[in-house]
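Chemist: Have a look at this one before I ask anything.
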Amino acid sequence: MGLGPDHKVLVVLDHGSRFAKNAGNPLNITLKESNTSRTVGKCDKSLWTWCVEATLELHRVVFDLFSGEHDAGCARLVRLVLADCVGRVLQPRWGTELVTQQEILNSLSAIGLPSTSDDSDGVALSGITLAIEALSQLSDAQIKGDGSCAPKKKEGRTKEERSNFSRVPKCWETPSTSSVTSESDRKVVENTGSVVIFTSFAEDERLTELENEVADVINCRNRIIKSLQDNSFSCINHVKLYIINVLPNDQISTATSKPFREISPTLSSCIFSRPAGDQLISVIHSVSINIYDLVSTTISGIPMKEEAQQGQSAVAINYDVELLHRREAHTELERLGLVTTNATEDFTGTLMVYAGSATYPTARLVWSTPVPKGRWNTFPRNRHASRVTPSAVNSRPSVCLSSYLLQGRNVMLEVTRVAKCEGLLSNVGAKLIAHTLIAHGGHIYIHANDVGPHGVLDCQATREKMQLKKAANGRISDFVALMKESSLHLPVPDKTESNEKPLSATSAVACVQPRRQLLRVTRYWPLRTDHCFIYNIPKRFDALFAIMRQPQLSTVDADKCKQVIHQLAALKDSRERLGEVTTATRLVKEGSSREDQLRIAFLEMARHLGNYINHSEKHAEASLFHVFHLFLQSTGLERSVKISTSDVTVVDRTRMKRQEPTTANFAVASASAMSSAASEVRNMSRSNSPLPKKPRKSMYLWKPNETLNLYDYLVEKEERHHRAHWVDFVGRVKAGNRPAHLYPNLDLSAASAKQD
Numbered sequence: 001m002g003l004g005p006d007h008k009v010l011v012v013l014d015h016g017s018r019f020a021k022n023a024g025n026p027l028n029i030t031l032k033e034s035n036t037s038r039t040v041g042k043c044d045k046s047l048w049t050w051c052v053e054a055t056l057e058l059h060r061v062v063f064d065l066f067s068g069e070h071d072a073g074c075a076r077l078v079r080l081v082l083a084d085c086v087g088r089v090l091q092p093r094w095g096t097e098l099v100t101q102q103e104i105l106n107s108l109s110a111i112g113l114p115s116t117s118d119d120s121d122g123v124a125l126s127g128i129t130l131a132i133e134a135l136s137q138l139s140d141a142q143i144k145g146d147g148s149c150a151p152k153k154k155e156g157r158t159k160e161e162r163s164n165f166s167r168v169p170k171c172w173e174t175p176s177t178s179s180v181t182s183e184s185d186r187k188v189v190e191n192t193g194s195v196v197i198f199t200s201f202a203e204d205e206r207l208t209e210l211e212n213e214v215a216d217v218i219n220c221r222n223r224i225i226k227s228l229q230d231n232s233f234s235c236i237n238h239v240k241l242y243i244i245n246v247l248p249n250d251q252i253s254t255a256t257s258k259p260f261r262e263i264s265p266t267l268s269s270c271i272f273s274r275p276a277g278d279q280l281i282s283v284i285h286s287v288s289i290n291i292y293d294l295v296s297t298t299i300s301g302i303p304m305k306e307e308a309q310q311g312q313s314a315v316a317i318n319y320d321v322e323l324l325h326r327r328e329a330h331t332e333l334e335r336l337g338l339v340t341t342n343a344t345e346d347f348t349g350t351l352m353v354y355a356g357s358a359t360y361p362t363a364r365l366v367w368s369t370p371v372p373k374g375r376w377n378t379f380p381r382n383r384h385a386s387r388v389t390p391s392a393v394n395s396r397p398s399v400c401l402s403s404y405l406l407q408g409r410n411v412m413l414e415v416t417r418v419a420k421c422e423g424l425l426s427n428v429g430a431k432l433i434a435h436t437l438i439a440h441g442g443h444i445y446i447h448a449n450d451v452g453p454h455g456v457l458d459c460q461a462t463r464e465k466m467q468l469k470k471a472a473n474g475r476i477s478d479f480v481a482l483m484k485e486s487s488l489h490l491p492v493p494d495k496t497e498s499n500e501k502p503l504s505a506t507s508a509v510a511c512v513q514p515r516r517q518l519l520r521v522t523r524y525w526p527l528r529t530d531h532c533f534i535y536n537i538p539k540r541f542d543a544l545f546a547i548m549r550q551p552q553l554s555t556v557d558a559d560k561c562k563q564v565i566h567q568l569a570a571l572k573d574s575r576e577r578l579g580e581v582t583t584a585t586r587l588v589k590e591g592s593s594r595e596d597q598l599r600i601a602f603l604e605m606a607r608h609l610g611n612y613i614n615h616s617e618k619h620a621e622a623s624l625f626h627v628f629h630l631f632l633q634s635t636g637l638e639r640s641v642k643i644s645t646s647d648v649t650v651v652d653r654t655r656m657k658r659q660e661p662t663t664a665n666f667a668v669a670s671a672s673a674m675s676s677a678a679s680e681v682r683n684m685s686r687s688n689s690p691l692p693k694k695p696r697k698s699m700y701l702w703k704p705n706e707t708l709n710l711y712d713y714l715v716e717k718e719e720r721h722h723r724a725h726w727v728d729f730v731g732r733v734k735a736g737n738r739p740a741h742l743y744p745n746l747d748l749s750a751a752s753a754k755q756d
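Numbered by UniProt numbering, the letters in the sequence shown go through residues 1 to 756 in order.
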């Protein structure tokens, strides 16, 4: 298991006398008056101040992009090491979350500025030693990974030993393999990390010596850890070293920047030599891009209006804003060759450019305001979404863009027509939109869109095969009414009732009331219009259906239901048509008589009203009495349909699975289930006679973490089967408690006569 070099990052700050010098890059202090700005002074920063600001900028980028992640094992951790005559680690341990900016400021403010009287030259060796020691210490995520990966490693080694059939001549002199603990068993975590060192040297030789010192400290620390028996430390597999050489602007230096190169098998290093100033912030962005695998995207052409001067009108000026985000957002552009990950390649025909004095390339995309009335299906498909953070967070264009997005708006990023995008079709109108910026939960995200054709989603043959057919004859409007009828609402607590109200037997069942409601109203509910009859005649029955859906019926509502039922019963003696002539249903055949239609309507009405018979007493009165006793008897259909007054039963199946599967419980449950099923069948049958039904076999319900003796279980099962089919001797049954005669009809006199 390896968490990568971005899991643990150490920043080493030189607190020597070199960093007490001024940077030689004074900042102008201006005051704005009515129409002009006036410079009132200058302020120069020290090298220490610039390094602290660069450290805080690195922490800001990591916090904006990776804070609040759900997986604690992928947390990005940062610790600070102070390099002076003593050396100090500002955070005692790695922890599980990124250190906050306030904690860093509190630690640095307590240290103060470097002393000019300190004669220490450059980064003290104590700072490097503390950084490597802190890197060898495992984080909480690595310790958890150590425990999870160790059994797998040990299991693999055990299989290897079992498959080794080499002969040992003297096995009693061979040490036991169980007593030898290899280093791979004790430490299986790939321990890697990154170290960022701020230093100030004017010669390349001193920087090379610094790299060699770090390599020697890593090798020495690994030798010490191998002799330790402490699982909280692990040997360092590899370190990425970033040396940021900060120099005053007025100092002549021969130190040069160098790309990544391998110093030793455990160390790779690169050097950035820059004067103190804004270039240092660009360098720290380049370091964060290398450590955390980020990319840069520049939004160009952002329209903004400048403040109008006296006697002039406001002028619209286009600005650029650079954003940092994860590399996954550029996967589609990399596949098409529009961007590249190698900074040394030729950028001709791509979207990659170098902005100003930046040490890393950026992908330039153009601002495009979406159409406010665009339909949802005109937007491109989304592939990836990740957080973004501006590179210059305090600049006016960045603040305006952030506030614009946080207000609930979105921005589309258009691909400019470069040489390598020829042949790509537009995906939003006449534009080729590669990304979309939008805010979620207080964070700004960049969404990567589909730019090129998709082999599966854009295949017309696949679309035609996967296109669902329209459902014909579906009761869509009735289904919408059913959903509204079965909607869930939070119960309103009644303060007048006592809190110590006894709980009913069904209160322990989860969601018992809505489940009972849904089971009631769906006892008879055809899915298609051609499977029913009365639902196709809304003019005659919709008023009754709307009233019966209410949870409680008043006296007026019950009278209205009775009136509709009386009108239906009166149709038997009248010549009025029941419904439309062209009613498409399978229940009514072509050429059927009016009596057959009435009979089908009566039967279906009885089944429908049976859904609401348990809602309230008024429902039962309107359903049972006036349906069954009024027109079912008059039409002679009382034997064809019987309205059951029993309510539905809501069963908690999860609680049934947790019960102990004993023989007695199975017998009681089986008997009760069979009796209830038999009574229900008796009630719903036409002739009140039970239907033949094969009893369901009882199942053994396993309890969690249950241990069962398989031999005893099978023996008991076989004995139970034998006892169930065993028949006693007929003579013993007839004899009862008296002794049974083995051969009652045997005539012994004939046998004795033959012997004589």
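The beta carbon of each residue, even a glycine, is placed where N, CA and C say it ideally should be. All figures in this text were calculated on a predicted structure; none of them were measured in a lab.
For a minimum of 3 consecutive residues, which ranges assigned as the beta strand (DSSP E) are wholly contained in the region 264–326?
Modeler: Counting whole runs of 3 or more residues, the region 264–326 contains the beta strand (DSSP E) stretches 267–275, 294–305 and 316–326.
Chemist: So the alpha helix (DSSP H) C43 belongs to, where does it begin and stop?
Modeler: C43 -> not in any alpha helix (DSSP H); beta strand (DSSP E) instead, spanning S37 to C43.
Chemist: Quick check on the burial criterion: 16 or more other C-beta atoms within 10 angstroms. Buried or exposed for Q517?
Modeler: Looking at its Cβ environment, which holds 16 or more other Cβ atoms inside 10 Å, Q517 is buried.
Chemist: With a threshold of 16 other CB atoms inside 10 Å of the CB of F602, please say whether the residue is buried or exposed.
Modeler: The residue in question, F602, is buried, as its Cβ has 16 or more Cβ neighbours within 10 Å.
Chemist: Return the bridge partner residues of M352 from the DSSP annotation.
Modeler: The partner list for M352 (beta bridge, DSSP) reads A363.
Chemist: Could you give the DSSP three-state label for A448: helix, strand or coil?
Modeler: In the structure shown, A448 sits in a strand (DSSP, three-state: E or B).
Chemist: Using only alpha-carbon positions, find the residue among W367, H325 and L488 that is nearest to L432.
Modeler: If we check each option's Cα against that of L432, W367 comes out closest.
Chemist: Using 8 Å as the threshold, is the region 99–113 in touch with the region 189–207, meaning 3 or more CB pairs across them?
Modeler: No: fewer than three Cβ pairs fall under 8 Å.
Chemist: Please state whether the Cβ-Cβ distance between N25 and K8 is less than 9 Å.
Modeler: No, these two residues do not count as a Cβ contact at 9 Å.
Chemist: Give the range of the beta strand (DSSP E) segment to which D230 is assigned.
Modeler: Counting along the chain, D230 falls outside any beta strand (DSSP E), and DSSP gives it neither H nor E.
Chemist: Rounded to the nearest angstrom, what separates N705 and Y711 at their Cα positions?
Modeler: Each residue's alpha carbon lies about 18 Å from the other.
Chemist: Along the chain, where does the alpha helix (DSSP H) containing V521 start, and where does it finish?
Modeler: Unbroken alpha helix (DSSP H) run through V521: V512 to V521.
Chemist: Considering only their Cβ atoms, is the gap separating W50 from L280 smaller than 9 Å?
Modeler: Their beta carbons are under 9 Å apart, which means L280 touches W50 by this criterion.
Chemist: Three-state secondary structure (DSSP) at E719?
Modeler: Of the three classes helix, strand and coil, the one that applies to E719 here is helix, per DSSP.
Chemist: If the criterion is Cβ atoms closer than 9 Å, does the pair L338 and L351 meet it?
Modeler: Yes; because the gap between Cβ atoms is below 9 Å, this pair is in contact.
Chemist: Mind checking which residues open and close the beta strand (DSSP E) that includes E414?
Modeler: Its beta strand (DSSP E) spans residues N410 to E414.
Chemist: Please classify M304: is it buried, with 16 or more other beta-carbons within 10 angstroms of its beta-carbon, or exposed?
Modeler: By the neighbour-count rule (16 or more Cβ atoms within 10 Å), M304 is not buried but exposed.
Chemist: Taking all protein chains shown into account, decide if R221 is buried (16 or more other Cβ within 10 angstroms of its Cβ) or exposed.
Modeler: Buried: at least 16 other Cβ atoms inside 10 Å.
Chemist: So, is I197 buried or exposed, given that buried needs 16 or more other C-beta atoms within 10 angstroms?
Modeler: Buried, because 16 or more other Cβ atoms sit within 10 Å of the Cβ of I197.
Chemist: Quick check on this structure: which residue in F201, D204, F233 and T30 has the alpha carbon closest to the alpha carbon of R93?
Modeler: It is F233.
Chemist: Just the C-alpha distance for S616 and L405, rounded to the nearest angstrom, thanks.
Modeler: Answer to the nearest angstrom: the Cα atoms are 54 Å apart.
Chemist: To the nearest angstrom, how far is it from the Cα of C561 to the Cα of A724?
Modeler: Whole-angstrom Cα-Cα distance: 56 Å.
Chemist: To the nearest angstrom, report how far apart D230 and L135 are at their CA atoms.
Modeler: Whole-angstrom Cα-Cα distance: 15 Å.
Chemist: Assign L587 to buried or exposed, taking buried as 16 or more other Cβ atoms, counted over all protein chains shown, within 10 Å of its Cβ.
Modeler: Buried.
Chemist: Alpha carbon to alpha carbon, how far is P397 from N35? Give it in angstroms, no decimals.
Modeler: Whole-angstrom Cα-Cα distance: 22 Å.
Chemist: If you draw a straight line from the C-alpha of T341 to the C-alpha of H384, how long is it?
Modeler: Each residue's Cα considered, the two are about 18 Å apart.
Chemist: What three-state label does DSSP hand A385 in the structure shown?
Modeler: In the structure shown, A385 sits in a strand (DSSP, three-state: E or B).
Chemist: Quick one: measure Cβ to Cβ for E211 and S269, integer angstroms, because I've assumed they're closer than 8 Å.
Modeler: Going by Cβ atoms, the distance from E211 to S269 rounds to 5 Å, so yes, they are a contact pair.
Chemist: Judging by CA-CA distance, which residue of D6, P114 and C85 is the nearest neighbour of N22?
Modeler: The shortest C-alpha separation from N22 is found at P114.
Chemist: Can you look up E97 in the DSSP assignment and give me helix, strand or coil?
Modeler: In this structure, E97 counts as coil in the three-state DSSP scheme.
Chemist: If we ignore side chains and look at the alpha-carbon of each, how far apart do T208 and I271 end up?
Modeler: T208 and I271: Cα-Cα distance of roughly 10 Å.
Chemist: Does H741 come out as helix, strand or coil in the three-state DSSP assignment?
Modeler: Coil.
Chemist: According to DSSP, simplified to helix, strand and coil, what is A392?
Modeler: Note: A392 maps to coil in three-state DSSP.
Chemist: Taking the alpha-carbon of H447 as reference, which of R387, S403 and T462 has the nearest alpha-carbon?
Modeler: Ranking R387, S403 and T462 by Cα distance to H447 puts R387 first.
Chemist: Look at the alpha carbon of S17 and the alpha carbon of N249, and state the distance between them as a whole number of angstroms.
Modeler: Looking at the two C-alpha atoms, the distance is approximately 17 Å.
Chemist: So the beta strand (DSSP E) V727 belongs to, where does it begin and stop?
Modeler: It is not in any beta strand (DSSP E) - V727 carries neither H nor E in the DSSP assignment.
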